[in-house]
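For reference, the structure is listed below as structure tokens.
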Amino acid sequence: MKKSRISLFIIAKNEESKIAKCILSTRGLVSEVIVVNSFSKDKTALVCRELGAQVYNRAFDGFTSQKNYALSKVTGDWALNLDADETISPELKEEIAQAVKNPAFSGYDIPFCNYFLGKKMRFSGLNKEKHLRLVKTKRAKYVGGLVHEGLDVKGKIGRLKHAINHYSYDTIETYFRKFNRYTTLAAEQMYKNGKRFSLIKVAFTLPFEFFKRYILKLGILDGIRGLLWAAFSTFYVLVKNAKLWQLQEQKEK
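With our numbering, the residue at position 222 of the sequence shown is 379, and numbering never jumps.
Set out below in structure tokens:
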């Protein structure tokens, strides 16, 4: 049986401090590394090239189109997508190597192990997270909008046991740097989808959002990090809706 080739692809911007660890974690598993670089101002592109990656510069115009562009550059039979702040363990590496030999599946959901401010989050709704990250290249494409992209795969989807390690936000400053970008994209997508700001809806949504994350999803058991995650996530909902309101004010005068 012909051995399946696996390609790693990453979209990145200003990730020089993390992307090397991501790429190195896949050594021995992938046959090529594709990086679509959104014209980083740091050494992201240089770091990737030094590790043997193929780097393509492309202006960011939404996660769906950016990832589809990256996927189009993949030449392997299978495509593994990671973000620059994610790594795979030796156990997951071996599991992937075995999974791609199974002709019954066209893709695999992979569980996530999320770290926030330097520590693993065991609750807060993050402990059951999984994403479709490993797919047969020719049977997959991304669908969605500016923010919430997803993979559409023709064929059966399996699930792996070992997790991708996601080192999302090392500091509060890092969180809010990304926060501003993501809330803007989310507001633009909401407006594009025909949604409009509702003061009453937002006023009722915010208390429940915090209650859901901190109590129902047991964020309280993650200590101070659980409290911060619930509070920041609630603030995210407020800010994206505030930006939606601002967008309406600008476009519908």
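Even glycine gets a Cβ: it sits at the ideal position worked out from N, Cα and C.
All figures in this text were calculated on a predicted structure; none of them were measured in a lab.
Checklist entry - Could you give the C-beta distance for F280 and L378, rounded to a whole number, given that I count them as a contact under 8 angstroms? => result Right, their Cβ atoms sit about 5 angstroms apart.
Next on the checklist: Please classify K397 as buried or exposed, where buried requires at least 16 other C-beta atoms within 10 Å of its C-beta.
Outcome noted: That one is buried.
Checklist entry - With contact counted as at least three CB pairs below 8 angstroms, one residue from each stretch, are the region 247-258 and the region 160-175 in contact? => result These segments touch.
Next on the checklist: Just verifying my parser: in three-state terms, what is the DSSP assignment at K295?
Outcome noted: In the three-state DSSP reduction, K295 falls in the helix class (H, G or I).
Checklist entry - Would you report the Cα separation of L165 and G351, rounded to the nearest angstrom? => result C-alpha separation (whole angstroms): 35 angstroms.
Checklist entry - By DSSP, does N350 sit in helix, in strand, or in coil? => result It is coil, neither helix nor strand.
Checklist entry - When DSSP builds the beta bridges, which residues end up paired with F269? => result For F269, which the question treats as bridged, DSSP gives the partners I321.
Item to check | CA nearest to the CA of A177, picked from Y213, L239, K293 | outcome: Answer by Cα proximity: L239.
Next on the checklist: For N271, tell me which candidate among H288, S263, V300, G264 has the shortest Cα-Cα distance.
Outcome noted: With distances taken between Cα atoms, N271 lies closest to H288.
Next on the checklist: Measuring straight from C-alpha to C-alpha, what distance separates F367 and D242?
Outcome noted: Answer to the nearest angstrom: the Cα atoms are 26 angstroms apart.
Item to check | Paired residues, beta bridge with N238 - DSSP | outcome: According to DSSP, N238 bridges with F166.
Checklist entry - Apart from the five residues just before and just after L283, which ones in its own chain have a Cβ nearer than 7 angstroms to its Cβ? => result Within the same chain, and ignoring the five residues on either side of L283 in sequence, the residues whose Cβ sits closer than 7 angstroms to its Cβ are N271.
Checklist entry - What are the boundary residues of the beta strand (DSSP E) that includes N194? => result That run of the beta strand (DSSP E) goes 189-194.
Checklist entry - For K374, which residues of its own chain have a beta-carbon under 6 angstroms away from its beta-carbon, when the five flanking residues on both sides are left out? => result Here the set comprises S281, G282.
Checklist entry - What's the gap between the Cα of Q211 and the Cα of K298? => result C-alpha of Q211 to C-alpha of K298: approximately 20 angstroms in a straight line.
Checklist entry - Under a three-way DSSP split, which group does N337 fall into? => result Three-state DSSP puts N337 in a helix.
Checklist entry - Does the beta-carbon of S182 have 16 or more other beta-carbons within 10 angstroms, so that it is buried, or is it exposed? => result Residue burial annotation: S182 is buried, with at least 16 other C-beta atoms found within 10 angstroms of its C-beta.
Item to check | Member of G307, F217, A261, S325 whose CA lies at the smallest distance from the CA of K170 | outcome: Comparing Cα positions, the closest option is F217.
Next on the checklist: Rounded to whole angstroms, what is the Cα-Cα separation between Y371 and T340?
Outcome noted: Near 21 angstroms, if we compare the C-alpha coordinates of T340 and Y371.
Checklist entry - Using 8 angstroms as the threshold, is the region 213-232 in touch with the region 190-197, meaning 3 or more CB pairs across them? => result Touching, per the Cβ criterion.
Item to check | Option nearest G264 by Cα separation, candidates E251, I168, V292 | outcome: Relative to G264, the option among E251, I168, V292 whose CA is nearest is V292.
Checklist entry - Does the Cβ-Cβ distance between L317 and I267 come in under 8 angstroms? => result In this structure, I267 lies closer than 8 angstroms to L317 by Cβ.
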